[in-house]
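Read the structure below first, then the notes.
There are 4 protein chains.
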Amino acid sequence: MNFAELREVVCVLHAELVRNDLVAWTAGNVSGRLPGGDRFAIKPSGVSYDDLTPESIVVCDLDGNRVEGELSPSSDTAAHAYVYRHMPDVNGVVHTHSTYASAWAARGEAIPCVLTAMADEFGGEIPVGPFALIGGEDIGRGVVDTLEGHRSKAVLMQNHGVFTIGGSPKDAVKAAVMCEDVARTVHVSRQLGEPLPIARDHVDSLYDRYQNVYGQRSAT
Amino acid sequence: MNFAELREVVCVLHAELVRNDLVAWTAGNVSGRLPGGDRFAIKPSGVSYDDLTPESIVVCDLDGNRVEGELSPSSDTAAHAYVYRHMPDVNGVVHTHSTYASAWAARGEAIPCVLTAMADEFGGEIPVGPFALIGGEDIGRGVVDTLEGHRSKAVLMQNHGVFTIGGSPKDAVKAAVMCEDVARTVHVSRQLGEPLPIARDHVDSLYDRYQNVYGQRSAT
Amino acid sequence: MNFAELREVVCVLHAELVRNDLVAWTAGNVSGRLPGGDRFAIKPSGVSYDDLTPESIVVCDLDGNRVEGELSPSSDTAAHAYVYRHMPDVNGVVHTHSTYASAWAARGEAIPCVLTAMADEFGGEIPVGPFALIGGEDIGRGVVDTLEGHRSKAVLMQNHGVFTIGGSPKDAVKAAVMCEDVARTVHVSRQLGEPLPIARDHVDSLYDRYQNVYGQRSAT
Amino acid sequence: MNFAELREVVCVLHAELVRNDLVAWTAGNVSGRLPGGDRFAIKPSGVSYDDLTPESIVVCDLDGNRVEGELSPSSDTAAHAYVYRHMPDVNGVVHTHSTYASAWAARGEAIPCVLTAMADEFGGEIPVGPFALIGGEDIGRGVVDTLEGHRSKAVLMQNHGVFTIGGSPKDAVKAAVMCEDVARTVHVSRQLGEPLPIARDHVDSLYDRYQNVYGQRSAT
Numbered sequence: 440m441n442f443a444e445l446r447e448v449v450c451v452l453h454a455e456l457v458r459n460d461l462v463a464w465t466a467g468n469v470s471g472r473l474p475g476g477d478r479f480a481i482k483p484s485g486v487s488y489d490d491l492t493p494e495s496i497v498v499c500d501l502d503g504n505r506v507e508g509e510l511s512p513s514s515d516t517a518a519h520a521y522v523y524r525h526m527p528d529v530n531g532v533v534h535t536h537s538t539y540a541s542a543w544a545a546r547g548e549a550i551p552c553v554l555t556a557m558a559d560e561f562g563g564e565i566p567v568g569p570f571a572l573i574g575g576e577d578i579g580r581g582v583v584d585t586l587e588g589h590r591s592k593a594v595l596m597q598n599h600g601v602f603t604i605g606g607s608p609k610d611a612v613k614a615a616v617m618c619e620d621v622a623r624t625v626h627v628s629r630q631l632g633e634p635l636p637i638a639r640d641h642v643d644s645l646y647d648r649y650q651n652v653y654g655q656r657s658a659t
Numbered sequence: 440m441n442f443a444e445l446r447e448v449v450c451v452l453h454a455e456l457v458r459n460d461l462v463a464w465t466a467g468n469v470s471g472r473l474p475g476g477d478r479f480a481i482k483p484s485g486v487s488y489d490d491l492t493p494e495s496i497v498v499c500d501l502d503g504n505r506v507e508g509e510l511s512p513s514s515d516t517a518a519h520a521y522v523y524r525h526m527p528d529v530n531g532v533v534h535t536h537s538t539y540a541s542a543w544a545a546r547g548e549a550i551p552c553v554l555t556a557m558a559d560e561f562g563g564e565i566p567v568g569p570f571a572l573i574g575g576e577d578i579g580r581g582v583v584d585t586l587e588g589h590r591s592k593a594v595l596m597q598n599h600g601v602f603t604i605g606g607s608p609k610d611a612v613k614a615a616v617m618c619e620d621v622a623r624t625v626h627v628s629r630q631l632g633e634p635l636p637i638a639r640d641h642v643d644s645l646y647d648r649y650q651n652v653y654g655q656r657s658a659t
Numbered sequence: 440m441n442f443a444e445l446r447e448v449v450c451v452l453h454a455e456l457v458r459n460d461l462v463a464w465t466a467g468n469v470s471g472r473l474p475g476g477d478r479f480a481i482k483p484s485g486v487s488y489d490d491l492t493p494e495s496i497v498v499c500d501l502d503g504n505r506v507e508g509e510l511s512p513s514s515d516t517a518a519h520a521y522v523y524r525h526m527p528d529v530n531g532v533v534h535t536h537s538t539y540a541s542a543w544a545a546r547g548e549a550i551p552c553v554l555t556a557m558a559d560e561f562g563g564e565i566p567v568g569p570f571a572l573i574g575g576e577d578i579g580r581g582v583v584d585t586l587e588g589h590r591s592k593a594v595l596m597q598n599h600g601v602f603t604i605g606g607s608p609k610d611a612v613k614a615a616v617m618c619e620d621v622a623r624t625v626h627v628s629r630q631l632g633e634p635l636p637i638a639r640d641h642v643d644s645l646y647d648r649y650q651n652v653y654g655q656r657s658a659t
Numbered sequence: 440m441n442f443a444e445l446r447e448v449v450c451v452l453h454a455e456l457v458r459n460d461l462v463a464w465t466a467g468n469v470s471g472r473l474p475g476g477d478r479f480a481i482k483p484s485g486v487s488y489d490d491l492t493p494e495s496i497v498v499c500d501l502d503g504n505r506v507e508g509e510l511s512p513s514s515d516t517a518a519h520a521y522v523y524r525h526m527p528d529v530n531g532v533v534h535t536h537s538t539y540a541s542a543w544a545a546r547g548e549a550i551p552c553v554l555t556a557m558a559d560e561f562g563g564e565i566p567v568g569p570f571a572l573i574g575g576e577d578i579g580r581g582v583v584d585t586l587e588g589h590r591s592k593a594v595l596m597q598n599h600g601v602f603t604i605g606g607s608p609k610d611a612v613k614a615a616v617m618c619e620d621v622a623r624t625v626h627v628s629r630q631l632g633e634p635l636p637i638a639r640d641h642v643d644s645l646y647d648r649y650q651n652v653y654g655q656r657s658a659t
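Residue numbers (this note's numbering), protein chains in the order written: chain A, 440 to 659; chain B, 440 to 659; chain C, 440 to 659; chain D, 440 to 659.
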């Protein structure tokens, strides 16, 4: 994949945020970098999803400075940049204010792992990161500090929303979709009582299997 | 922008109410005026969103009397007119019965500012206006009295629904979309406990930044 | 309007049930008659909404016997027929299991009038009818006995779903859409406390105005 | 119907899972067999619903081994195979993590029969099956052991999701749609109080009638 293709991919993936009801108006963004690269592509700030084109996607260096594109990058660019600088295996980052994940975040409460789908995708609970103001490194640092050493690809930033990471932009979008899905199901379940816990060793074996057996092997 | 273009804009923005699930049947309306103008364009009463055309949009003077168009204007016209007469910087007004905002309104309860997205867009809580009967100046006065001196662009009218204002019709529609979005997220959050408050100075700095840094500068 | 046009109207209105999320699979139906007529047109039983055509719509006499069409009529035909026999001003009937209305119905609880939109459309609370088994006159009698002498065009049949009536099939569909909308908003409101009541004389004046002033006068 | 047609049917029915909001990303699958046959057709693992084609559908023998197709079959194949081996009248199986059904499953709680639509389709409550790890026969055995001798076509697998069965793939999809619909309505109803029970003999007569009278007779 070259950089023009990456901008195309990042552009198109925003449609998945809309299709999966993760965003209102312009409040959510996807970024991606090529493996090992020193630049990433990200949504321009305040632009409607309908109006996004590959050309409108902004390219930034790992300090978050725009190096290509006409528009100002997302106001969350500093957070994305921080993640790419500190997590070399991450090549996709997604940020949304999706309803159920943000509702847990507003209470500062982690989502407990009571669904096999959570064990599969996140390997346990989805943790909460600190309250942090936008504009500096605080949000990025909160994301990285919370996710390092954790199997979860999603973090609920207190009073704010959710950041997800992945080996590619598409992986990070999948994590954002699954995060909202399990945030909603666990919320609904807890409305009428306490969901049953899943034993830790069952969580582990579900996670291991899903990461290694699910889907199509590249050899196919 | 001339008046024909304003009617086109007002017509098209109603589709955003539908797309964002803010309205059932014909229960919601958008109006707009040209900056400094003495007329505004508004939805005709009881007409399906599918059937709206720029020509069907009704033009009224600031007392709410029809001056152009074949159809009767929205039954909420008097409220829109009152807002335009008393708030010279407002050039767009939206009224809906969107589910979550109306649910807070039915309890007469303001939405507390527990999300950074609320601090960004509304600068604090979304306040409640009085119960008022349709048909005279009571609704418009309730909207203006509640919003004057408040940073919020949205007001929950008790037992009724929501009015939002903006510097343009599109800004008012954005406020209506964001109001329902935060009304839903805070509702969901409170279903399972009390959301954490955001400190007042954090709310202030989030609001200042969003109003001044977010999006594309016109200079671009 | 002739009978071929009525079948077309009844066919097309089923799409509104789908668009407004009132039905799952094939569980909901619309019927209509021409004013003063002794026949009505209704959905065939168990046919997917995608497959409905004007020709597939079944015509029945007021005892519910098929007099035109190839397919078996809706299994709710006896209930529709009973309504037409006993309510001469009703020319449209809709039945759905829409989620929020059915949730109130499962508790056997009327929806209190705490929204101006409810006062407008229903003139007060939406009442509950008795539990009744399908197949005879019990459901139709329950609908008629509950709605006669009531301003509401909607009745929640206990443990079952909702029936709405109107002066035309479109009016009955509108009532079904508005019933689910207010059922949802009042439900959501009550999840976090008690909604404020609306004084009876305010309900009356809202109802009077909406029935007489809202929309476009036919003289226009 | 021949086997090419079955693959087409199984492919197309996945669109119903999407249209009815039963699935997030790729987390749900449909399978079908020809009556009396020793093979079944099933979704490939981890493939997006947009990308499914009849050719991508995998054919397996009743031990779950792929006998036709290029892709790896669903990771739930062993469970589907177990059902087909042990329930000779079942020719369609659907598995989803639909929100409300999974929320009941996470609490390990059966859905009580408090809606006539539940009595119609499921003949009583929707039962809960055991917690079981993916990969062997445990899930399939849990489905079969729970559904044998039960009128319900749906089982909530604890902490996991829902499996439904039917005489054809379409019947199983209908059961999955109706299961989520009643899971949601009963959940919503119970949020504000206890739904009223339906007497056992009423449940029986509703079930008998729906299974024998509803829809179009094949003789038509």
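For glycine and all other residues, C-beta sits at the position ideal for the given N, C-alpha and C.
Residue from the options whose Cα sits closest to the Cα of residue i
i	options	result
residue 634 (chain D)	D:642, D:641, D:523, D:624	D:624
residue 507 (chain B)	B:460, B:480, B:488, B:583	B:480
residue 500 (chain B)	B:494, B:489, B:520	B:520
residue 632 (chain D)	D:553, D:517, D:523	D:553
residue 517 (chain C)	C:549, C:470, C:543	C:470
residue 524 (chain B)	B:584, B:542, B:653	B:584
residue 462 (chain A)	B:619, B:653, B:641	B:619
residue 592 (chain C)	C:474, C:598, C:548, C:567	C:567
residue 615 (chain D)	D:447, D:490, D:456, D:545	D:456
Under the three-state DSSP convention, the category residue i falls into
i	result
residue 593 (chain B)	strand
residue 582 (chain D)	helix
residue 470 (chain B)	strand
residue 570 (chain D)	coil
residue 486 (chain B)	coil
residue 480 (chain D)	strand
residue 493 (chain A)	helix
residue 499 (chain C)	strand
residue 462 (chain D)	coil
residue 447 (chain A)	helix
First through last residue of the beta strand (DSSP E) which encompasses residue i
i	result
residue 535 (chain A)	531 to 535
residue 603 (chain C)	600 to 605
residue 507 (chain D)	505 to 507
Run of the alpha helix (DSSP H) containing residue i, from where it starts to where it stops
i	result
residue 618 (chain C)	608 to 630
residue 642 (chain D)	639 to 652
residue 560 (chain D)	555 to 561
residue 541 (chain A)	538 to 546
residue 520 (chain D)	516 to 525
Burial state of residue i, where buried means 16 or more other Cβ atoms lie within 10 Å
i	result
residue 441 (chain C)	exposed
residue 655 (chain D)	exposed
residue 450 (chain C)	buried
residue 487 (chain A)	exposed
residue 638 (chain B)	exposed
residue 636 (chain C)	exposed
residue 652 (chain B)	exposed
Under 9 angstroms from the C-beta of residue i: neighbouring residues of chain E
i	result
residue 599 (chain B)	This model lacks chain E altogether, as its protein chains are A, B, C and D.
Q.
Measuring CB atoms only, is the region 583 to 600 of chain B touching the region 592 to 609 of chain A, in the sense that at least three cross pairs come out at less than 8 angstroms?
A. No, they do not touch.
**Q.** Three or more C-beta pairs below 8 angstroms linking the region 555 to 565 of chain B and the region 527 to 537 of chain B
**A.** A contact is defined here as three or more CB-CB pairs under 8 angstroms, and the region 555 to 565 of chain B fails this definition with respect to the region 527 to 537 of chain B.
Q) Does the region 534 to 542 of chain A come within contact of the region 461 to 478 of chain A, defined as at least 3 CB pairs closer than 8 angstroms? A) Contact holds between the region 534 to 542 of chain A and the region 461 to 478 of chain A, because three or more Cβ pairs, one in each stretch, are under 8 angstroms apart.
Q) For the region 641 to 650 of chain D against the region 562 to 579 of chain C, are there 3 or more C-beta pairs whose distance is under 8 angstroms? A) Result yes; three or more Cβ-Cβ pairs closer than 8 angstroms.
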